[in-house]
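Novice: From first to last, the protein sequence lines stand for chains A and B.
The first sequence begins at 3 in our numbering and counts up by one.
The second sequence begins at 826 in our numbering and counts up by one.
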Amino acid sequence: MNPEKWEQMKQLFASALDLEPKARREFLRNACRGNDSLFQEVEALIAAHESDSTASNGQATPIRTPITRWDGRRIGPYRILHRIGSGGMGDVYLAVRADDTFNKRVAIKLVQAGIDTQEILDRFRHERRILAALDHPNIARLLDGGTTDDGLPYFVMDFVEGTPIDEYSNNRRLSISERIALFRQVCLAVHYVHQNLVVHRDLKPSNILVTADGMPKLLDFGIAKLLKPEFLSHPLDATRMEFRLMTPWYASPEQIRGEAVTTASDVYSLGVILYELLTSRRPYRPKTDAFEEILRAVSEQEPERPSAAIGRPKPLASGSESAPTLSSAAIAEQRSTVVDKLKRQLSGDLDMIVMKALRKEPQRRYPSAEQLSEDLRRQSEGLPVTAQRDSTRYRAGKFVRRHKAGVAAAGLVLVFLVAGVLATTWQARVARSERAEAERQFNDVRKLTTSFLFEFDTAIQNLPGSTPARQLLVERALEYLNKLAQQARSDPGLQRELAEAYLKVGDVQGNPYEANLGDTQGAVESYQKALAISQALTRAHPEDRISSEYLARSYQSLGEVLPTLGKPTEAFADLRQATEILASLANARPADQELRFRLANSYQVLGDLQGHSGIPNLGDQAGSLASYRKALDLYRSILITDAKNVRARRGAAIVEIRIGDLEQGSDLKSAMKHYQSSLATFEELSAADPNHAEDQRRLGLAYQKVGAIEESLGNNRAALENYQKVSALTEARMRTDPNNAQAKMSYVVSHRYVGDLLYKMNDRAGAIANYRQSLEMLERLSASEPNNVLTKGRLSEMLIVLGQALAETGKPTEAHEMTSRGLSIAKELAAREDATPEELFDYAQGFLGCEPAGLRQPQTAVEYAKRALEKSGGSDSDYLDLLARAYFEAGDFDRAVENEEKALHSLPPTAASQATTAKQRSLEARLSKFRLARKHN
Amino acid sequence: MSASSNQVTELLADWSRGDVKAREALIPLVYDELRRLANSYLRQERNDHTLQPTALVHEAYLRLIAQRDIEWKDKGHFFAITAQLMRRILVDHARSHLAEKRGRGVTKVPLDDAFVIAREVPGKMLVLDESLGCLARVDPRQAQIVELRVFAGLSVEEAAEFLGISLATVKRDWRMAKAWLSHEIEKSRDL
């Protein structure tokens, strides 16, 4: 690609996009006459653009063609008359049943290309009965569905001749009470559908038509669900895709977050529609009309009260579809009234009702559309409504959310200022000896502060991007608690809250098990403050259990975070303290199950630190084993009284795998016992809850561990059975979750395991069969993901392994074919500049030892080994040994000896463990072989 | 944190006044912060955490600039730099993610491993990065727009303001760059 050509493409692309979609190709063909490659490239861009036609910023340019290719055509039993509308998913046409003497008119929604037709149709068949059964005067029925001759899905609905509800109300200058009466009919229709377990998901004015005689009709029920974004064939830009079907203004915050959509989401959309019917304004004011900004506004902004929105001086940023931009006077006129009167009508109950429907949290909205309607009725009859003014907590919550958007940290500060004023008042009142009143105030303040800390932090901690907000929140709360603590040093309850606060701040700052700010040092400081407070508390109240629990928690938190600062010894001391305290607490309260769980957890963390191979540890395997055993005993003691306790069973099974891992080197039998017991547990847990993916994974792990021990004991049969179980398990996982890439990869690996073992057992045919299964899956994986270097590498390796097995069973032709393909993939991968030393090692091995031997290329192996050595720093014994072997095969015995000597020297000096001596021995054996060869040449 | 916050703000102001050295001084400050944040996300033991680059950039901004008012121009510079760094971090991560999972030797791959690998993302990220590199060679402005939009989460309006070009141009460029990149990524899938 050169800049000149690019410039040309750019201009053609821009000019083509200015045209109607159907005119684009022809224009392009003319413009590129004689230059096929240019045509093809720009055409591809246009196709990419069209299939992603939300275009930038959601300002989709709806495809508007006055006459379509569908006009007059037949779809199924229907004949298309003309197009009557278009939407995100496609166009809507007016049609008649061709074989119908009554000429019944229907609306046909044609789904545009680029959508997984099969999925939609399957789903349609599934839902059709439910949808067809919906029979309500205010609902347009879904009549039929199918695919056109060229494979586009379509849906047939009752044809409704009407005007969108907002337009209808404005055109007829309906008063507020008339609008409410109309809207209530809509609510009741929605409620009817909800009772039939169908959610609309895409309610908006254009889906609610009002007929000439004033009857509202809801369209498209169930359609949005049929056209779920998962079925879009385009995997790109998934988040945007979620909403390309939806008008963002009416989508609920949970829809935007991609969470479960329930009837409450429809209630929310109804709230937006009501808002606009009352005010002709949008509830939110995004900074710009960019798609993302609207989404952000919907999820983060609080809606303005309708009565206030009327007076909003400047209209909203204009959206693409009929954005309300009228003046207040015009809006009032449309409602057959004047501005002041309109404001009065809306303020109070109607404001409250709308705001309740628009709450961000689904559970705080009206529980049903019917209840929204009912509140509107009560309002119109002057009865008290159920929508209450926002509670203090709710309003405080809004500050937190605003802060999350990074726009009004001041909001939060304000609340604390209010709290501060209250406290000052307290001091003033104390001076005036109004003690009782003052204490009540003080407690209010304290409650406010701690509720901030505990309730809001919990509420926001799982929101993405909320970490800085959490920190600010917690810090401010802490500041305030500090002040309170000084005023009431003797109050142990307050001191405990302070300890809790410091522990929380520490978690936010740097607890490795939570979303944190990466400030480990800060975390340690906060934990130490919590520790100091808890220590003082336990000194003053040695019998107080809760203070002791805080003390233990402080120690454990320190013990968890210190290893990441390179202080495992301090961490160890702290964890020991934590376990001791918890142990004595648990002793004193043997019935307290939660305490025992926490103690077990403490022991497990301690055991990990002492000797779990996965993390930086103290290398004290005996100590680690002892701690794990204590954890195991605790879980077992819980199981004695509560045999079915899943948490305890899972905890025990996890610890047993760890114990098995530690014992494997010394006591194979005991390791086996633990693995088997773990296996049995995970088998039962997975059987009870087949959807628990983690347990399924652990079950596979346990089979594999048991199999590996059997194999090392020489019990090949038993090992085989276990490995085959792993295969069966992954196959089951693939059946239930066909898109699970991890399951596919474990399928690959488990068949490889089975194959290797069969090979060892001299069952070449069985080995080859398993290798082939593994290979087949690898081929599929790498075809679907050609850029995945890892999969490709495994594919190459598998081909070479299979080639070897085939060569040995007397199938030279196929062996040759497999191996040479494997080698050529290896070559391609090795050509990448960023190939890692480990990869190069693998490729070199292939070129050194493959079968048929005629395909070996020692010289290539030398080259790869050199590169691997260089990349790894030049002194890694594994790579030196590899290089030596490659030189040997290439016939350069001097260099072979030289490098093997270096490899021996580079071995770690203290070769104490068995593995290293074994390695040393094999290097020495090789060295003498090479020396011998050198001597004889 | 407050010291570096002042420092960052001053450096940004210097840079937007044309001091190129300030930019060089800024990179390590922003990079460290960003990488620390990114790592703490990528290291999450729980796998329900997905990395959202723009959310991270936002957090980095809050951390480094704190709450102080800052001119849009400086802010734009911050996001421009962050976008580049974010891209680098994500690409590095994708690379190492692909590389580290490879076992050594032609022997067995441990079974535990198989449950962890085969995430789709790293491959795609690398294709995006590569294609973006190609794009930068023929049309640097388009590439920069993509970088600002994708890795720093700037809106088209913001990108236009930062680049000092018209909104229409940014929209046009973005439209084409997006089509081209989608096509490239699609192509790599079809291979």
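Cβ coordinates follow ideal geometry from the N, Cα and C atoms, glycine included.
What is the DSSP secondary structure of A/Val94, counted as helix, strand or coil?
Specialist: In the first sequence, counting from the first residue as 1, residue 94 of chain A sits at position 92. Strand, per DSSP.
Novice: Can you give me, in chain order, the residues of the region 982–1010 of chain B that have a beta carbon less than 8 Å from any beta carbon in chain A?
Specialist: Listed by position, the residues of the region 982–1010 of chain B near chain A (Cβ gap below 8 Å) are Glu982, Lys996, Arg997, Trp999, Arg1000, Met1001, Lys1003, Ala1004, Trp1005, Ser1007, His1008, Ile1010.
Novice: Could you spell out where the beta strand (DSSP E) holding A/Asp160 opens and where it closes?
Specialist: Along the first sequence, one-based indexing puts residue 160 of chain A at 158. First-last of the beta strand (DSSP E) with A/Asp160: 155–160.
Novice: Could you give the distance in angstroms between the alpha-carbon of A/Gln13 and the alpha-carbon of A/Lys111?
Specialist: On the first sequence, position 11 is the one that residue 13 of chain A refers to. On the first sequence, position 109 is the one that residue 111 of chain A refers to. C-alpha separation (whole angstroms): 35 Å.
Novice: Starting from A/Val44, trace the alpha helix (DSSP H) in both directions and tell me its first and last residue.
Specialist: Here residue 44 of chain A corresponds to residue number 42 of the first sequence, with the count starting at 1. First-last of the alpha helix (DSSP H) with A/Val44: 38–53.
Novice: Assuming contact is defined by CB atoms lying nearer than 7 Å, are A/Ala833 and A/Val864 in contact in what I supplied?
Specialist: Position 831 of the first sequence, counted from the start, is the residue given in the question as residue 833 of chain A. Position 862 of the first sequence, counted from the start, is the residue given in the question as residue 864 of chain A. Not in contact: A/Ala833 and A/Val864 (Cβ atoms no closer than 7 Å).
Novice: Span of the beta strand (DSSP E) holding A/Val212?
Specialist: To locate residue 212 of chain A, count along the first sequence from 1; it is residue 210. That run of the beta strand (DSSP E) goes 210–213.
Novice: Buried or exposed, going by whether 16 or more other CB atoms sit within 10 Å of the CB of B/Val845?
Specialist: On the second sequence, residue 845 of chain B is found 20 positions in, with the first residue counted as 1. The residue in question, B/Val845, is exposed, as its Cβ has fewer than 16 Cβ neighbours within 10 Å.
Novice: Using 8 Å as the cut-off, can you tell me whether the region 778–787 of chain A makes contact with the region 805–819 of chain A, which would need three or more C-beta pairs spanning the two stretches below that distance?
Specialist: Flag = no, the region 778–787 of chain A and the region 805–819 of chain A do not touch.
Novice: Name the chain A residues whose beta carbon is nearer than 7 Å to that of B/Leu951?
Specialist: Here residue 951 of chain B corresponds to residue number 126 of the second sequence, with the count starting at 1. Within 7 Å Cβ-Cβ: Asn789.
Novice: By Cβ distance below 7 Å, which residues in the same chain neighbour A/Ala817 in space, the five residues on each side in sequence not counted?
Specialist: Numbered from 1 along the first sequence, position 815 holds the residue referred to as residue 817 of chain A. Cβ neighbours of A/Ala817 beyond the five flanking positions: Gly805, Leu808, Ala809, Glu853, Pro854.
Novice: Which residues does DSSP pair with A/Thr165 in a beta bridge?
Specialist: Here residue 165 of chain A refers to the residue found at position 163 of the first sequence. Note: A/Thr165 sits in a beta bridge opposite A/Val212.
Novice: Could you tell me whether any Cβ in chain B is nearer than 7 Å to the Cβ of A/Ala50?
Specialist: As a position in the first sequence, residue 50 of chain A is number 48, starting the count at 1. For A/Ala50, the answer is yes, since a Cβ of chain B falls inside 7 Å of its Cβ.
Novice: Using a Cβ cut-off of 7 Å (strictly closer), state whether B/Lys964 contacts chain A.
Specialist: Numbered from 1 along the second sequence, position 139 holds the residue referred to as residue 964 of chain B. Before going on, a small fix: residue 964 of chain B reads as Asp here, not Lys. Answer yes: the Cβ-Cβ gap between B/Asp964 and chain A drops below 7 Å somewhere.
Novice: Pull up the distance between the alpha-carbon of A/Ser550 and that of A/Ala673, whole angstroms please.
Specialist: Position 548 of the first sequence, counted from the first residue, corresponds to residue 550 of chain A. Position 671 of the first sequence, counted from the first residue, corresponds to residue 673 of chain A. Each residue's alpha carbon lies about 36 Å from the other.
Novice: Could you give the DSSP three-state label for A/Arg81: helix, strand or coil?
Specialist: Against the first sequence, residue 81 of chain A aligns to sequence position 79. In the structure shown, A/Arg81 sits in a strand (DSSP, three-state: E or B).
Novice: Using a Cβ-Cβ distance cut-off of 7 Å, determine whether A/Ala18 contacts chain B.
Specialist: Position 16 of the first sequence, counted from the start, is the residue given in the question as residue 18 of chain A. With 7 Å as the cut-off, A/Ala18 does not count as an interface residue toward chain B.
Novice: What number of angstroms, rounded off, separates the C-alpha of A/Ala298 from the C-alpha of A/Leu722?
Specialist: Your numbering for residue 298 of chain A matches position 296 in the first sequence. Your numbering for residue 722 of chain A matches position 720 in the first sequence. Reading off the sequence, residue 298 of chain A comes out as Arg, not Ala. Distance between the alpha carbons of A/Arg298 and A/Leu722: 55 Å.
Novice: Would you say A/Ala46 lies against chain B (beta-carbon separation less than 7 Å)?
Specialist: In the first sequence, counting from the first residue as 1, residue 46 of chain A sits at position 44. Taking Cβ atoms only, chain B reaches closer than 7 Å to A/Ala46, which makes this a yes.
Novice: For chain B, is any of its Cβ atoms less than 7 Å away from the one on A/Phe15?
Specialist: Taking the first residue of the first sequence as 1, we reach residue 15 of chain A at position 13. Yes, contact with chain B.
Novice: Taking just the CA atoms, how far does A/Gln257 sit from A/Gln373?
Specialist: Along the first sequence, read from residue 1 onward, the residue named residue 373 of chain A stands at position 371. Along the first sequence, read from residue 1 onward, the residue named residue 257 of chain A stands at position 255. Spanning the two alpha carbons is a distance of roughly 22 Å.
Novice: According to DSSP, is A/Gly662 part of a helix, a strand, or is it coil?
Specialist: For the purposes of this step, residue 662 of chain A is identified with residue 660 of the first sequence, where counting begins at 1. It is helical.
Novice: Provide the residue span of the beta strand (DSSP E) that contains A/Thr149, from first to last.
Specialist: Here residue 149 of chain A refers to the residue found at position 147 of the first sequence. 144–149 is the span of the beta strand (DSSP E), which, as asked, contains A/Thr149.
Novice: Identify whether A/Ala947 lies in helix, strand or coil by the three-state DSSP scheme.
Specialist: Beyond the ends of chain A as shown, which are 3 and 939, falls residue 947 of chain A; an answer cannot be given.
Novice: Kindly indicate which residue of A/Asp151, A/Phe843, A/Asp894 has the alpha-carbon position closest to the one of A/Ser874.
Specialist: Residue mapping note: residue 874 of chain A aligns to position 872 of the first sequence, counting from 1. Checking every option, the nearest Cα to that of A/Ser874 belongs to A/Phe843.
Novice: What's the call for A/Gly164, buried or exposed, on a 16-neighbour Cβ count within 10 Å?
Specialist: Locating residue 164 of chain A in the first sequence gives position 162, counting from the first residue. Burial call: buried.
Novice: In whole angstroms, what separates the C-alpha of B/Gly958 from that of A/Asn4?
Specialist: To locate residue 958 of chain B, count along the second sequence from 1; it is residue 133. To locate residue 4 of chain A, count along the first sequence from 1; it is residue 2. Each residue's Cα considered, the two are about 14 Å apart.
Novice: CB-CB under 7 Å to A/Leu30, same chain, minus the five flanking residues each way: which ones, in chain order?
Specialist: Position 28 of the first sequence, counted from the start, is the residue given in the question as residue 30 of chain A. Same-chain partners within the cutoff: Leu14, Ala18, Phe41, Val44, Glu45.
Novice: Quick check: the Cα distance between A/Pro139 and A/Val94, rounded to an integer number of angstroms?
Specialist: Within the first sequence, numbered from 1, the residue matching residue 139 of chain A stands at position 137. Within the first sequence, numbered from 1, the residue matching residue 94 of chain A stands at position 92. Taking the straight line from one Cα to the other gives about 22 Å.
Novice: Sort A/Ser271, A/Leu280, A/Trp251 by Cα distance to A/Arg287 and report the nearest one.
Specialist: Taking the first sequence and counting its residues from 1, the one referred to as residue 287 of chain A is at position 285. It is A/Trp251 whose Cα lies nearest to the Cα of A/Arg287.
Novice: How should A/His938 be labelled, buried or exposed, when 16 other C-beta atoms within 10 angstroms of its C-beta is the threshold for buried?
Specialist: Here residue 938 of chain A refers to the residue found at position 936 when the first sequence is read from its first residue. Label assigned to A/His938: exposed.
Novice: Please classify A/Lys762 as buried or exposed, where buried requires at least 16 neighbouring CB atoms within 10 angstroms.
Specialist: Indexing the first sequence from 1 puts residue 762 of chain A at position 760. Exposed, because fewer than 16 other Cβ atoms sit within 10 Å of the Cβ of A/Lys762.
Novice: Suppose the cutoff is 6 Å on Cβ atoms and the five residues either side in sequence are ignored; what does the same chain contact list for A/Ser798 look like?
Specialist: Within the first sequence, numbered from 1, the residue matching residue 798 of chain A stands at position 796. Here the set comprises Gly824, Ile827, Ala828.
Novice: Measuring straight from C-alpha to C-alpha, what distance separates A/Ala580 and A/His543?
Specialist: The sequence position of residue 580 of chain A within the first sequence is 578, counting from 1. The sequence position of residue 543 of chain A within the first sequence is 541, counting from 1. Between A/Ala580 and A/His543, the C-alpha separation is close to 18 Å.
Novice: Answer yes if the region 919–936 of chain A comes into contact with the region 850–859 of chain B, meaning at least three C-beta pairs across the two stretches below 8 Å, and no otherwise.
Specialist: They do not touch, by the three-pair rule.
Novice: Near A/Met820, which residues of its chain fall below 7 Å by C-beta distance, leaving aside the five closest residues on each side in sequence?
Specialist: By 1-based counting over the first sequence, the position of residue 820 of chain A is 818. Here the set comprises Leu801, Leu804, Gly805, Leu808.
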